[in-house]
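Respectively, the protein sequence lines represent chains L and R. The opening position of the first sequence corresponds to residue 366 in this note's numbering, with each subsequent residue numbered one higher. The opening position of the second sequence corresponds to residue 483 in this note's numbering, with each subsequent residue numbered one higher.
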Amino acid sequence: MPVNEPESSGGRPTVVRMRDVAAAVGVSVKTVSNVVNATGQVNEATVRAVRAAVEELGYRPNPLARGLNSRATDTVTLALPGLGYGYCAPLAAAVFDLAEAEGISVVMEPTGGDRERELEVLRNRGGLSDGVLLMPAAITARDLGDLPSPGPAVLIGSRRVEGPFDSVTSRDTVAAEAAVRLLLDRGASRVVLLGGERKAGGDSAAALRTDGYRRALTAAGRTPDPSLVVETSQSSRHDGHVAIAQLLTRLPGGETPFDAVLALEEPLAHGALHALRGAGRDVPGQVQVVAFGNDEDAEYSSPGLTTVRADVRTMARRALDLLTARVREGARPRSQVEVPLTITERESTFS
Amino acid sequence: MRGRLSEAGADSATRGSATLRDVAALAGVSVSTVSNVARGRGNVREETRQRVQDAIDELGYRPNLAARRLRSGRSHVLGLALPSVTVPYFREFADSVLREAQEHGMSVRITQTHGDVRRERGVCDDPYLRHVDGILLVPVALGQEDMRALTVTKPLIVATASFTAGRVDSFDTDRFEAARTVVAHLVTGGRRRIAALAPGEALPAESDERYLGYVAGLRDAGLPVSRRRVVSTETVTFAAGAGAVRTLVERAPETDAVFALGDALALGALRGLRDAGRTVPGDIAVVGFGNVAQAAYCAPTLTTVDPGREEMAHRAVSLLAERAKARTTGAVLPEPGHHTVGFRLVERESSAVASE
Numbered sequence: 366m367p368v369n370e371p372e373s374s375g376g377r378p379t380v381v382r383m384r385d386v387a388a389a390v391g392v393s394v395k396t397v398s399n400v401v402n403a404t405g406q407v408n409e410a411t412v413r414a415v416r417a418a419v420e421e422l423g424y425r426p427n428p429l430a431r432g433l434n435s436r437a438t439d440t441v442t443l444a445l446p447g448l449g450y451g452y453c454a455p456l457a458a459a460v461f462d463l464a465e466a467e468g469i470s471v472v473m474e475p476t477g478g479d480r481e482r483e484l485e486v487l488r489n490r491g492g493l494s495d496g497v498l499l500m501p502a503a504i505t506a507r508d509l510g511d512l513p514s515p516g517p518a519v520l521i522g523s524r525r526v527e528g529p530f531d532s533v534t535s536r537d538t539v540a541a542e543a544a545v546r547l548l549l550d551r552g553a554s555r556v557v558l559l560g561g562e563r564k565a566g567g568d569s570a571a572a573l574r575t576d577g578y579r580r581a582l583t584a585a586g587r588t589p590d591p592s593l594v595v596e597t598s599q600s601s602r603h604d605g606h607v608a609i610a611q612l613l614t615r616l617p618g619g620e621t622p623f624d625a626v627l628a629l630e631e632p633l634a635h636g637a638l639h640a641l642r643g644a645g646r647d648v649p650g651q652v653q654v655v656a657f658g659n660d661e662d663a664e665y666s667s668p669g670l671t672t673v674r675a676d677v678r679t680m681a682r683r684a685l686d687l688l689t690a691r692v693r694e695g696a697r698p699r700s701q702v703e704v705p706l707t708i709t710e711r712e713s714t715f716s
Numbered sequence: 483m484r485g486r487l488s489e490a491g492a493d494s495a496t497r498g499s500a501t502l503r504d505v506a507a508l509a510g511v512s513v514s515t516v517s518n519v520a521r522g523r524g525n526v527r528e529e530t531r532q533r534v535q536d537a538i539d540e541l542g543y544r545p546n547l548a549a550r551r552l553r554s555g556r557s558h559v560l561g562l563a564l565p566s567v568t569v570p571y572f573r574e575f576a577d578s579v580l581r582e583a584q585e586h587g588m589s590v591r592i593t594q595t596h597g598d599v600r601r602e603r604g605v606c607d608d609p610y611l612r613h614v615d616g617i618l619l620v621p622v623a624l625g626q627e628d629m630r631a632l633t634v635t636k637p638l639i640v641a642t643a644s645f646t647a648g649r650v651d652s653f654d655t656d657r658f659e660a661a662r663t664v665v666a667h668l669v670t671g672g673r674r675r676i677a678a679l680a681p682g683e684a685l686p687a688e689s690d691e692r693y694l695g696y697v698a699g700l701r702d703a704g705l706p707v708s709r710r711r712v713v714s715t716e717t718v719t720f721a722a723g724a725g726a727v728r729t730l731v732e733r734a735p736e737t738d739a740v741f742a743l744g745d746a747l748a749l750g751a752l753r754g755l756r757d758a759g760r761t762v763p764g765d766i767a768v769v770g771f772g773n774v775a776q777a778a779y780c781a782p783t784l785t786t787v788d789p790g791r792e793e794m795a796h797r798a799v800s801l802l803a804e805r806a807k808a809r810t811t812g813a814v815l816p817e818p819g820h821h822t823v824g825f826r827l828v829e830r831e832s833s834a835v836a837s838e
């Protein structure tokens with residue numbers, strides 16, 4: 366079920382991609398790229414076949430791809446904190462797939478969530494690539510204001526950092542709000558926020574989601590209980606396990622001091638499920654569990670885990686399109702695209 | 483290192499090739515002042531900073547990486563070719579590689595091969611991996627023959643596969659011994675009708691050392707190898723694992739243990755067996771291969787082989803960085819060869835001896 370309405374863009378027209386031409390002719394994307402961009406060596410018959418297919422299918426070169434192929438490095442830099450973080454891995458897979466279908470290669474620049482590395486990527490002064498997709502974990506609007514003449518870049522992720530760049534953000538606050546509402550609707554009254562941020566006012570993914578958690582509770586006329594907002598040092602399964610195990614031992618009577626968990630990262634939820642199982646608590650009978658996540662682990666775990674899932678494919682598509690437009694038009698109004706998340710219900714919540 | 487594409491109409495041919503000296507001349511300041519501004523260091527007056535910045539912008543000067551690359555003749559980028567970044571084992575391996583590369587001051591260009599043998603074979607010519615200093619390939623389809631025919635044009639290291647061709651370095655655990663150890667463990671736990679879930683088209687590839695180790699393990703114990711109990715899967719995914727055990731319980735209902743040659747298959751199998759009404763480990767034991775993070779947290783927790791992923795990433799990236807460096811420094815390194823990484827059987831609930 367969609368957490369909120371998709372943007373009223375009215376459906377995108379079907380775009381013929383280089384991959385489609387390649388498939389029609391039965392050659393590789395690279396061969397089509399060579400013909401379209403007059404690079405490399407392609408035999409005459411293939412050139413004719415590709416041109417015929419280009420005409421027939423109405424293919425128009427992606428300006429980013431054409432720009433890259435004809436002028437510079439054919440490459441987009443994808444700068445993420447790492448693959449084990451949030452929805453980075455599925456997002457990366459989507460970016461690889463979509464970019465490579467256009468004959469563009471992707472360099473992954475791990476930032477480790479380090480401010481200096483994020484800024485270095487945005488300066489993009491090494492000619493490493495022609496455009497940057499960055500998931501900002503540490504940089505602030507202030508950093509971006511000080512950035513001298515940055516290259517083309519699109520910021521992508523949960524955080525929205527004001528500044529000169531186009532952005533594609535997932536609507537995490539709204540999604541967290543919907544997840545808590547779902548738990549309350551299903552009878553939960555004490556919802557643990559696992560991996561939340563106690564301090565208000567931050568703009569990390571955790572802070573944005575915590576905001577949504579508080580909003581949902583307030584909207585339902587409940588007062589958020591600070592003891593149920595559990596911070597974790599990392600988002601690992603281990604951290605989730607330890608945190609929930611500790612909460613369970615807090616009351617000596619063996620009563621469960623909560624009846625639901627919203628985990629802000631999926632590994633935390635797997636740790637939580639493990640702790641609940643170890644303590645003999647039934648999920649969803651005694652405790653319902655929801656997690657932000659995109660992993661297959663959720664679908665195949667026992668019980669299957671209800672997730673709040675980012676639409677990484679749409680995010681990747683929109684980000685690449687924005688980068689393309691930025692490359693083609695240079696100075697143009699800044700675009701801020703928001704992509705909704707989706708809740709997929711499985712066994713860990715009452716249906 | 484030609485022009486950026488951001489400024490419409492900018493003449494790309496003249497941009498990007500400017501030197502520190504060009505910027506200094508245009509701004510009318512010293513080279514060290516430019517350097518300070520470019521790096522955001524030193525005490526530079528705002529008016530001067532602005533003038534230098536204007537010159538930097540006008541000339542499209544790029545410090546740091548470009549200069550470093552010109553000095554070293556290297557790109558400081560590693561290529562990593564692996565089947566997919568969403569399969570848990572490969573994702574965790576890639577993450578280890580990213581961290582190791584960072585330790586060496588390198589970034590990583592990743593390409594997904596989707597297990598296509600042509601992409602694995604042509605990895606040195608892969609258009610997506612141009613300009614990298616060296617390539618780390620994680621093959622799943624490449625055979626010994628392909629390896630001999632491989633054109634190696636830059637430092638190449640193969641991880642999680644062993645090749646005796648000797649023209650490239652390879653890192654892997656002893657898969658044969660590891661699989662044999664798994665079967666011995668299951669036999670010790672009283673299991674006799676041990677099935678295998680193996681990636682491969684019709685039957686698991688004879689080149690999959692894990693499959694051969696499984697067969698050897700059965701022979702060690704004097705147990706027959708039953709084709710009915712070998713289920714091949716097209717992919718190494720959760721869905722494939724769940725599907726394979728559905729097939730298995732129909733085809734060979736007597737099965738009392740499953741060795742899945744990949745943790746994603748094993749995790750899918752746990753779920754598939756539960757859906758088929760079989761208990762693990764009561765009715766059927768399950769053992770995986772890979773020791774992904776989820777293995778310690780799934781229900782029941784998964785017994786699996788830890789093939790030394792972290793160690794492999796560490797050693798492979800270090801060696802690749804060394805080989806890349808040696809190309810420009812002329813340093814002499816040992817001939818390429820195979821490097822064995824130790825494995826460990828991690829015993830958890832899924833293969834426990836069923837209690838009475």
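All residues carry an ideal CB built from backbone N, CA and C; glycine is no exception.
Exercise. Roughly how many angstroms lie between the CA atoms of Asp654 of chain R and Leu624 of chain R, to the nearest whole one?
Worked result: 14 Å
Problem set entry | Contained alpha helix (DSSP H) runs [length at least 4] in the region 717-786 of chain R, N- to C-terminal order | You should have 720-733 and 745-757.
Problem set entry | Residue range of the unbroken beta strand (DSSP E) whose run includes Met588 of chain R | Careful: Met588 of chain R lies outside any beta strand (DSSP E) and carries neither H nor E.
Exercise. Between the region 523-532 of chain R and the region 585-593 of chain R, are three or more C-beta pairs nearer than 8 Å?
Worked result: Contact between the region 523-532 of chain R and the region 585-593 of chain R is absent, because fewer than three Cβ pairs lie under 8 Å.
For this session: Following the continuous alpha helix (DSSP H) through His820 of chain R, name the residue where it begins and the one where it ends.
Result: Unbroken run through His820 of chain R is the beta strand (DSSP E), His820 to Val823; no alpha helix (DSSP H).
Exercise. Taking any Cβ of chain R, which residues in the region 442-455 of chain L have a Cβ under 7 Å from it, in chain order?
Worked result: From the region 442-455 of chain L, only Gly447, Leu448, Gly449, Ala454 and Pro455 have a Cβ closer than 7 Å to chain R.
Problem set entry | Proximal residues to Thr672 of chain L (C-beta, below 6 Å), its chain only, five neighbours per side dropped | Ala656, Gly658, Ala663 and Thr709
Exercise. In terms of DSSP beta bridges, what is Met473 of chain L paired with?
Worked result: L:Leu443 and R:Val590
Exercise. With a Cβ-Cβ cutoff of 8 Å, do Ala758 of chain R and Val731 of chain R count as a contact?
Worked result: yes
Exercise. Mind checking Val513 of chain R: buried by the 16 CB within 10 Å criterion, or exposed?
Worked result: That one is exposed.
For this session: Report the rounded CA-to-CA distance for Arg555 of chain L versus Pro622 of chain L, giving the unit in angstroms.
Result: 8 Å
Exercise. So, does the CB of Met383 of chain L fall closer than 8 Å to a CB anywhere in chain R?
Worked result: no
For this session: Spatial neighbours of Ala660 of chain R within its chain, please: CB distance less than 8 Å, with the 5 preceding and 5 following residues excluded, ordered by chain position.
Result: Only Arg692, Gly695, Phe771, Val787, Pro789, Phe825 and Leu827 meet the Cβ criterion.
For this session: Check the Cβ of Ala458 of chain L against every Cβ in chain R and list those closer than 8 Å, keeping chain order.
Result: Ser566, Val567, Thr568 and Gln594
Exercise. So, does the CB of Gly636 of chain L fall closer than 8 Å to a CB anywhere in chain R?
Worked result: yes
For this session: Kindly indicate which three-state DSSP category Ala625 of chain L falls into: helix, strand or coil?
Result: strand
Problem set entry | Chain-ordered chain R contacts of Arg682 of chain L [CB-CB under 7 Å] | None at all; the shortest Cβ gap to chain R is about 17 Å.
For this session: Kindly provide the ranges of any beta strand (DSSP E) runs that are 3 or more residues long and lie completely inside the region 625-666 of chain L, ordered along the chain.
Result: 625-628 and 653-657
Problem set entry | Beta-carbon proximity list for Tyr452 of chain L, same chain, < 7 Å, skipping 5 on both sides | Asn659, Ala675 and Val677
For this session: Excluding the 5 residues preceding and the 5 following Thr717 of chain R in the sequence, name in chain order all residues of the same chain whose CB lies nearer than 8 Å to its CB.
Result: Gly597 and Pro681
Problem set entry | Below-8 Å beta-carbon distance, Leu552 of chain R vs any chain L residue | With a pLDDT of only 47 at Leu552 of chain R, under 50, the local geometry of the prediction cannot be trusted, and no value is derived from it.
For this session: Please compile the residues from chain L whose C-beta is within a distance smaller than 9 Å of the C-beta of Arg756 of chain R.
Result: Ser667
Problem set entry | Meets three-Cβ-pair contact criterion under 8 Å: the region 379-389 of chain L and the region 417-424 of chain L | yes
For this session: Reducing DSSP to helix, strand and coil, say where Pro681 of chain R ends up.
Result: DSSP places Pro681 of chain R in strand when its eight states are reduced to three.
For this session: Output the distance between the C-alpha atoms of Ala767 of chain R and Arg797 of chain R, rounded to the nearest integer angstrom.
Result: 34 Å
Exercise. Quick one: what's got a C-beta closer than 6 Å to Thr595 of chain R's C-beta in the same chain, skipping five residues either side?
Worked result: Ala563, Pro565, Arg601 and Glu602
Exercise. Does any CB atom of chain L fall closer than 8 Å to the CB of Asp577 of chain R?
Worked result: yes
For this session: Please indicate yes or no: does the CB of Val390 of chain L lie closer than 7 Å to some heavy atom of the ligand ADP?
Result: As presented, the structure is devoid of all ligands, the ligand ADP included, so that no description of it is given.
Problem set entry | Any C-beta of chain L under 8 Å from that of Gln626 of chain R | With 8 Å as the cut-off, Gln626 of chain R does not count as an interface residue toward chain L.
Problem set entry | Presumed contact (8 Å Cβ cut-off) between Leu627 of chain L and Val545 of chain L, rounded CB distance | 6 Å
Exercise. What residue does the alpha helix (DSSP H) around Arg601 of chain R start on, and which one ends it?
Worked result: If you look at Arg601 of chain R, you'll find it in the alpha helix (DSSP H) that goes Val599 to Arg603.
For this session: Please confirm whether Leu487 of chain L and Pro515 of chain L have their CB atoms less than 8 Å apart.
Result: yes
Exercise. For the 8 Å Cβ check, are there 3 or more pairs between the region 702-722 of chain R and the region 732-749 of chain R?
Worked result: yes
Exercise. Are the beta-carbon atoms belonging to Leu415 of chain L and Val390 of chain L less than 8 Å from one another?
Worked result: According to the sequence as given, residue 415 of chain L is Val; it is not Leu. Yes; because the gap between Cβ atoms is below 8 Å, this pair is in contact.
For this session: Assign Leu509 of chain L to one of two classes, buried (16 or more other C-beta atoms within 10 Å of its C-beta) or exposed (fewer than that).
Result: buried
For this session: Output, in chain order, the set of chain L residues within a Cβ distance shorter than 9 Å of Ala781 of chain R.
Result: Under the 9 Å cutoff, chain L gives Leu638, His639, Arg642, Ser666, Ser667 and Pro668.
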